[in-house]
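**Q** Here's a structure for you.
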Amino acid sequence: MPIRRAPRGRFPVDLAVFLAILTTGVVLILVGRVSPEALAGYASALAGLYAAWHHRPSGGESRRTPPEGPPASER
Numbered sequence: 037m038p039i040r041r042a043p044r045g046r047f048p049v050d051l052a053v054f055l056a057i058l059t060t061g062v063v064l065i066l067v068g069r070v071s072p073e074a075l076a077g078y079a080s081a082l083a084g085l086y087a088a089w090h091h092r093p094s095g096g097e098s099r100r101t102p103p104e105g106p107p108a109s110e111r
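Using the working numbering, the letters of the sequence shown correspond one by one to residues 37 to 111.
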């Protein structure tokens, strides 16, 4: 079974976000504003927030109705 690839014209948003977080972390450490230990916590929190935002359901998926089954009284 062949693996489906994304079209070549699509911008890799995940890569851009990763590089932005990495660059921001390096700059903050070099400037001395944040300790590496604190940055690890911040990066984990930001990664979790991005994952929650990126994998949120689209408008059509959020309105799913449960499958119809027999009423509870007929079981």
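Positions of the beta carbon are idealized from the N, C-alpha and C atoms, including for glycine.
If you're wondering where the values come from, they're calculated on a predicted model, not measured in any experiment.
(1) Whose C-beta lies closer than 8 Å to the C-beta of P73 among residues of the same chain, with five residues either side of it excluded?
(2) What residue range is occupied by the uninterrupted alpha helix (DSSP H) comprising G61?
(3) Just tell me which of A79, G84, L85 and V70 has its CA closest to the CA of L58.
(4) Taking the alpha helix (DSSP H) that S80 belongs to, which residues open and close that run?
(5) Identify, in the order they occur along the chain, each residue of the same chain with its Cβ nearer than 8 Å to the Cβ of L64, setting aside the five sequence neighbours on each side.
(6) Quick check: the Cα distance between L51 and Y86, rounded to an integer number of angstroms?
**A** Let's see:
(1) The sequence shown places Glu at residue 73, not Pro. Around E73: no qualifying Cβ.
(2) Run containing G61: V49 to V67, per the alpha helix (DSSP H) assignment.
(3) Selected option, being the one with the closest Cα: A79.
(4) For S80, the enclosing alpha helix (DSSP H) starts and ends at P72 to H90.
(5) Within the same chain, L64 has close Cβ partners V70 and L75.
(6) Going by the C-alpha atoms only, they are around 12 Å apart.
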